[in-house]
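Taking it in order: structure first as structure tokens, then the write-up.
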Amino acid sequence: MKTKFIKRAAAAGLAATMALSMAAVASAEADYDECTITISWWGGEDRHTATQEAIAAFMEKYPGITVESTYAAWDGWEEKMATAFAGGTAQDVNQVNWNWITQYDADGTTFLDLNTVSDIVDLSQIGESYLEMCQIADTQAALPVAMTGRIFYWDKTSFDEVGIDTPKTYADLLAAGEAFAAYDEDYYPLALGEYDRMILMVYYLESVYGTDWVIDGELQYTQEQIEEGLNFIQGLEDAHVIPSIQTIAGDGASSLDQNQKWIDGKYAGIFEWDSSASKFEKALAEGREFVVGDYFPDFGEYQGGYTKVSLAWAINGSTEHPKEAAMLLEYLMNDPDAAKILNSQRGIPVSASALASADEAGLLDAKTVEANGKVLAWASNALDPLFEDSRLKSSDGVYYDVMAGLSYGDYDVSEAAEILIDGINDVIGG
Amino acid sequence: MAKSSGTAKMAASKKKKSFGEICKKNIGFFFILPWLIGFCWFKLYPMASSLFYSFTDYNLFKGINVLGTLQNYIDVFTTKKIVRALGVTFRYSFITVPLKLAFALFIAYILNFKIKGVKLFRTAYYIPSILGGSVAIAVLWKAVFRDDGLLNTALGFFGINGPSWLSDPKWAIFVICLLRVWQFGSAMVIFLAALKGVSNDLYEAAAIDGASKWRQFFTITVPLITPVIFYNLVTQLCQAFQEFNGPYIITQGGPRNSTTLISLLIYNSAFKQYDMGMASAMAWVLFVILMIFTVIAFLSQKYWVFYSDDDGGK
Numbered sequence: 001m002k003t004k005f006i007k008r009a010a011a012a013g014l015a016a017t018m019a020l021s022m023a024a025v026a027s028a029e030a031d032y033d034e035c036t037i038t039i040s041w042w043g044g045e046d047r048h049t050a051t052q053e054a055i056a057a058f059m060e061k062y063p064g065i066t067v068e069s070t071y072a073a074w075d076g077w078e079e080k081m082a083t084a085f086a087g088g089t090a091q092d093v094n095q096v097n098w099n100w101i102t103q104y105d106a107d108g109t110t111f112l113d114l115n116t117v118s119d120i121v122d123l124s125q126i127g128e129s130y131l132e133m134c135q136i137a138d139t140q141a142a143l144p145v146a147m148t149g150r151i152f153y154w155d156k157t158s159f160d161e162v163g164i165d166t167p168k169t170y171a172d173l174l175a176a177g178e179a180f181a182a183y184d185e186d187y188y189p190l191a192l193g194e195y196d197r198m199i200l201m202v203y204y205l206e207s208v209y210g211t212d213w214v215i216d217g218e219l220q221y222t223q224e225q226i227e228e229g230l231n232f233i234q235g236l237e238d239a240h241v242i243p244s245i246q247t248i249a250g251d252g253a254s255s256l257d258q259n260q261k262w263i264d265g266k267y268a269g270i271f272e273w274d275s276s277a278s279k280f281e282k283a284l285a286e287g288r289e290f291v292v293g294d295y296f297p298d299f300g301e302y303q304g305g306y307t308k309v310s311l312a313w314a315i316n317g318s319t320e321h322p323k324e325a326a327m328l329l330e331y332l333m334n335d336p337d338a339a340k341i342l343n344s345q346r347g348i349p350v351s352a353s354a355l356a357s358a359d360e361a362g363l364l365d366a367k368t369v370e371a372n373g374k375v376l377a378w379a380s381n382a383l384d385p386l387f388e389d390s391r392l393k394s395s396d397g398v399y400y401d402v403m404a405g406l407s408y409g410d411y412d413v414s415e416a417a418e419i420l421i422d423g424i425n426d427v428i429g430g
Numbered sequence: 431m432a433k434s435s436g437t438a439k440m441a442a443s444k445k446k447k448s449f450g451e452i453c454k455k456n457i458g459f460f461f462i463l464p465w466l467i468g469f470c471w472f473k474l475y476p477m478a479s480s481l482f483y484s485f486t487d488y489n490l491f492k493g494i495n496v497l498g499t500l501q502n503y504i505d506v507f508t509t510k511k512i513v514r515a516l517g518v519t520f521r522y523s524f525i526t527v528p529l530k531l532a533f534a535l536f537i538a539y540i541l542n543f544k545i546k547g548v549k550l551f552r553t554a555y556y557i558p559s560i561l562g563g564s565v566a567i568a569v570l571w572k573a574v575f576r577d578d579g580l581l582n583t584a585l586g587f588f589g590i591n592g593p594s595w596l597s598d599p600k601w602a603i604f605v606i607c608l609l610r611v612w613q614f615g616s617a618m619v620i621f622l623a624a625l626k627g628v629s630n631d632l633y634e635a636a637a638i639d640g641a642s643k644w645r646q647f648f649t650i651t652v653p654l655i656t657p658v659i660f661y662n663l664v665t666q667l668c669q670a671f672q673e674f675n676g677p678y679i680i681t682q683g684g685p686r687n688s689t690t691l692i693s694l695l696i697y698n699s700a701f702k703q704y705d706m707g708m709a710s711a712m713a714w715v716l717f718v719i720l721m722i723f724t725v726i727a728f729l730s731q732k733y734w735v736f737y738s739d740d741d742g743g744k
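Top line first, the protein sequences correspond to chains D and S.
If you're matching positions, the first sequence starts at 1 in our numbering and goes up one per residue.
If you're matching positions, the second sequence starts at 431 in our numbering and goes up one per residue.
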């Protein structure tokens, strides 16, 4: 009884705080200049539609502010934006990747310090620990939209066709490789591209050794340990758990979700961000069942894997309309109407007000909620933002070279480990 | 006083006249001024900048330091990845340029005959050149060359197990080459115009002397259109060495860098690694290579190109 009362009191207190802070924000927003501001993001069709709808609602709420949008799919987007950031021609409001903050805003000038517009943007809606992840050079460079992590997803229909259950353990996964090979050589229980392999290897090693991949700019794993991780990945390929890189390249698809073998269920599993798995589900042929998997307890003693900021919103440091850009940012992050339109298009929102609004309206995608819950409950390691530096993860980067080289047989495990360590040290060492 | 005023007027009139004359004399310069401004701003200045950057460690997000050495150029010739890309670029150019020229000339020769529906064929053969390196072409090419694509399916009917065109480093380069050769339309149109300029009298005389069509082609047609072959050779060579779209949209330089041409590597270096200094050095090396080939082509002209004012050629 007492607990119930405390919970109610806390909820009322939180609601009152939210209402007060939003009222303060509303008064700051009361006068604004008529102007045109610009916004950019990348994503799939659903995200484009939802974001455009939210922007239209914003323009209706604030007549006089015109918002011009630039958006596209991910391919080539980072190169385009990096050049825009360097040349000072980026849009006023930009959807940014978490690692872009360290990569493009090291001195805190590329993006506007959001503390300077905190009378408009309600920073209190976001937990302090999440805000800290987007801080650099004593500035609040961006606002995180959601937290995300990688988790397994399975095409259950394929597993039903093969006659086995979806894997719950590493042993199950290896057995699935054998069962899929026996069913049809073209069928695999899991498909991983080069970068997916890298992330899975880190998850495996963190499960075995319990240490973060990089701490304070130093790689925490030895050559032998990394060789063990690479052997693990190569072992999956040898055991017919994952197709070779050559097989995936031969499929001629620009991404895994557009791969016909994924669509048809020949590739029956992925290891994907919970915030972007929905596009894989949508790509599946009609009637196929897409389920969220579990982390494997028999990888090692520890709960490996990490969570990170899925995406963030930042304001261009040289915007001519910081106030109006901040109003748009506030709308997209915290406004209840926007939350209902955007729901979980960018993952489960970390903004308390957005989460409450979308959740109340029952608009959050059930599978995204399930996967995000599992990720946050399991993954215990921290991620260094430089892990995602484009010099490492781009198709021209070290991760691709090492994972593809190993799969093609150009490198042995020892050579691959050495190249990986050198490449990582080059980047994290500045 | 009146005299001095008259002298001043005459001097002013002379001065005025000379200004007008200057304008008249340099009217050509005024006409090309817009182009000159554009050239200086959009070509000369970027080229000069990139030459300067090639001697620096300019990183888009880390600033710039003048190296004061040829380090970037030394790296171009000692970095395995870059040397390999240069090798792939040479291979690509030496495969595609002769093939494209031969194919364009062959089709132009056929389309020069009076055959039914020739205009339709000319248009149809030109279309691939307009499509260029678009997303639609990437989708089409992948659909044809993927492991279970149209080509391997067709080969399967004859009991041939086709290779992995897109994922086997040995074969992927040919997929990219084929895309370039397929886009032979612009060279074909130029050849066609040249073929139209060859007088029919020559063919009639040769026919009376009993020359076969092949003989006529090699002894009349080819020599008379060598200036156009030369023009196409130089332009195609320049384009092939600078090719970017094909590998970018279809293979992204893979598998295992087997289709990474130097221009793709320049792009990656500049816009993925942000190493503008190295990218500029690579661009200048490419420029010098192109200059060398162009100079060789121009010097070789006197041995095989026949101009109408050569008095019968060499």
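All residues carry an ideal CB built from backbone N, CA and C; glycine is no exception.
These numbers come from a predicted model, not from an experiment.
Open item on the list: Mapping the DSSP letters down to three states, classify T681 (chain S) as helix, strand or coil.
Closed with: Here T681 (chain S) sits in coil by DSSP.
Open item on the list: Under 7 angstroms, CB to CB, which of the residues in the stretch 183–208 of chain D have a partner in chain S?
Closed with: Result list empty, no residue passes.
Task: For N687 (chain S), the three-state DSSP class (helix, strand or coil) - done: Secondary structure of N687 (chain S) (DSSP, three-state): coil.
TODO: Answer yes or no: does any C-beta atom of chain S fall closer than 8 angstroms to that of T83 (chain D)?
DONE: At a cut-off of 8 angstroms, the C-beta of T83 (chain D) has a neighbouring C-beta in chain S.
Open item on the list: Are the CB atoms of R346 (chain D) and L311 (chain D) within a distance shorter than 8 angstroms?
Closed with: For L311 (chain D) and R346 (chain D), yes; Cβs fall inside 8 angstroms.
Open item on the list: Please list the terminal residues of the continuous alpha helix (DSSP H) segment that includes T499 (chain S).
Closed with: Element bounds for T499 (chain S): n/a, residue is neither H nor E.
- [ ] Quickly, what does DSSP pair W42 (chain D) with across the bridge? List them, please.
- [x] In the DSSP secondary-structure assignment, W42 (chain D) is bridged to D:A72.
Open item on the list: Quick check: is the beta carbon of A382 (chain D) nearer than 8 angstroms to any beta carbon in chain S?
Closed with: Not closer than 8 angstroms to any Cβ of chain S, the Cβ of A382 (chain D) fails to qualify, so no.
Open item on the list: Suppose the cutoff is 6 angstroms on Cβ atoms and the five residues either side in sequence are ignored; what does the same chain contact list for E206 (chain D) look like?
Closed with: Only residues of its own chain outside the window of five on either side were considered, and among them G304, N381 have a CB closer than 6 angstroms to the CB of E206 (chain D), listed in chain order.
TODO: Check the Cβ-Cβ distances between E237 (chain D) and every residue of chain S, and say whether any is below 8 angstroms.
DONE: No, no contact with chain S.
TODO: Give the DSSP bridge partners of Y153 (chain D), in chain order.
DONE: BP columns for Y153 (chain D) point to D:I270, D:V292.
Open item on the list: Taking 8 angstroms as the threshold (C-beta atoms), are F491 (chain S) and N502 (chain S) in contact?
Closed with: Between N502 (chain S) and F491 (chain S), the C-beta spacing is not below 8 angstroms.
Open item on the list: Give me the subset of the stretch 391–420 of chain D whose CB atoms are less than 8 angstroms from a CB atom of chain S, sorted by chain position.
Closed with: Listed in sequence order: R391, S394, S395, D396, G397, A404, G405, Y408, D410.
- [ ] Output, in chain order, the set of chain S residues within a Cβ distance shorter than 9 angstroms of A86 (chain D).
- [x] Per Cβ cutoff of 9 angstroms: L490, F491, Y704.
Task: Simplified DSSP state of S559 (chain S), which is helix, strand or coil - done: S559 (chain S) sits in a helix when the DSSP states are folded into three classes.
Open item on the list: Less than 8 angstroms between the C-beta atoms of E53 (chain D) and I341 (chain D), yes or no?
Closed with: Yes, the Cβ-Cβ distance between E53 (chain D) and I341 (chain D) is below 8 angstroms.
Task: CA-to-CA distance, L466 (chain S) to K455 (chain S), given in whole angstroms - done: If I take the Cα positions, the gap works out to 18 angstroms.
Task: Close-in-space but distant-in-sequence residues of the same chain around W450 (chain D) (CB under 6 angstroms, 5 per side omitted) - done: The structure shown has nothing for residue 450 (chain D), since chain D only spans 1 to 430.
TODO: Flag Q103 (chain D) as yes if its beta-carbon sits less than 8 angstroms from any beta-carbon of chain S, otherwise no.
DONE: For Q103 (chain D), the answer is yes, since a Cβ of chain S falls inside 8 angstroms of its Cβ.
- [ ] Check the Cβ-Cβ distances between Q91 (chain D) and every residue of chain S, and say whether any is below 8 angstroms.
- [x] It does not; no Cβ of chain S falls within 8 angstroms.
Task: Per-residue DSSP class, three states only, for P593 (chain S) - done: Note: P593 (chain S) maps to coil in three-state DSSP.
- [ ] Check the Cβ-Cβ distances between L596 (chain S) and every residue of chain D, and say whether any is below 8 angstroms.
- [x] True, the Cβ-Cβ gap to chain D drops below 8 angstroms.
Task: Under 7 angstroms by beta carbon: chain D residues contacting P528 (chain S) - done: Close partners of P528 (chain S) in chain D (Cβ separation under 7 angstroms) are lacking, with about 28 angstroms as the shortest Cβ gap.
Task: V117 (chain D) - DSSP class collapsed to helix/strand/coil - done: Helix at V117 (chain D).
TODO: Below 7 angstroms CB to CB, which residues in the same chain sit around Y399 (chain D) once its five sequence neighbours on both sides are set aside?
DONE: Same-chain partners within the cutoff: E194, Y195, M198, L392, K393.
Open item on the list: Closest to F507 (chain S) by C-alpha separation, out of S:M708, S:S730, S:Y733, would be which residue?
Closed with: Nearest to F507 (chain S) by C-alpha distance, out of S:M708, S:S730, S:Y733, is S:M708.
- [ ] Confirm, please, whether the CB-CB distance from Q91 (chain D) to Y136 (chain D) is below 8 angstroms.
- [x] Sequence check: residue 136 (chain D) is Ile here, not Tyr. Not closer than 8 angstroms, so no.
Open item on the list: Just list the residues that DSSP pairs I136 (chain D) with in beta bridges.
Closed with: I136 (chain D) is bridged by DSSP to D:T139.
- [ ] Could you confirm whether any beta carbon from chain D is found closer than 8 angstroms to the beta carbon of P685 (chain S)?
- [x] Using a Cβ-Cβ cut-off of 8 angstroms, P685 (chain S) counts as an interface residue toward chain D, since at least one Cβ of chain D sits closer than that to its own.
Open item on the list: Give me the residue from D:E68, D:S69, D:I101 with the minimum Cα distance to A82 (chain D).
Closed with: Its Cα nearest to that of A82 (chain D), the residue D:I101 stands out among D:E68, D:S69, D:I101.
Open item on the list: Taking the alpha helix (DSSP H) that K492 (chain S) belongs to, which residues open and close that run?
Closed with: It is not in any alpha helix (DSSP H) - K492 (chain S) carries neither H nor E in the DSSP assignment.
Task: chain D residues whose Cβ lies nearer than 8 angstroms to that of Q682 (chain S) - done: S395, listed in chain order.
TODO: Please look up how many angstroms separate the CB atoms of D433 (chain D) and A141 (chain D), rounded, as I've assumed it's under 8 angstroms.
DONE: A query on residue 433 (chain D) cannot be resolved here, the shown segment of chain D reaching from 1 to 430 and no further.
- [ ] List the residues of chain D that F701 (chain S) touches, going by C-beta distances under 8 angstroms, in chain order.
- [x] Chain D residues near F701 (chain S): E79, A82, T83.
TODO: Look at the alpha carbon of V350 (chain D) and the alpha carbon of Q220 (chain D), and state the distance between them as a whole number of angstroms.
DONE: Cα-Cα distance, rounded: 30 angstroms.
Task: Closer than 8 angstroms to chain D by CB, D487 (chain S) - done: Cβ-Cβ to chain D under 8 angstroms: no for D487 (chain S).
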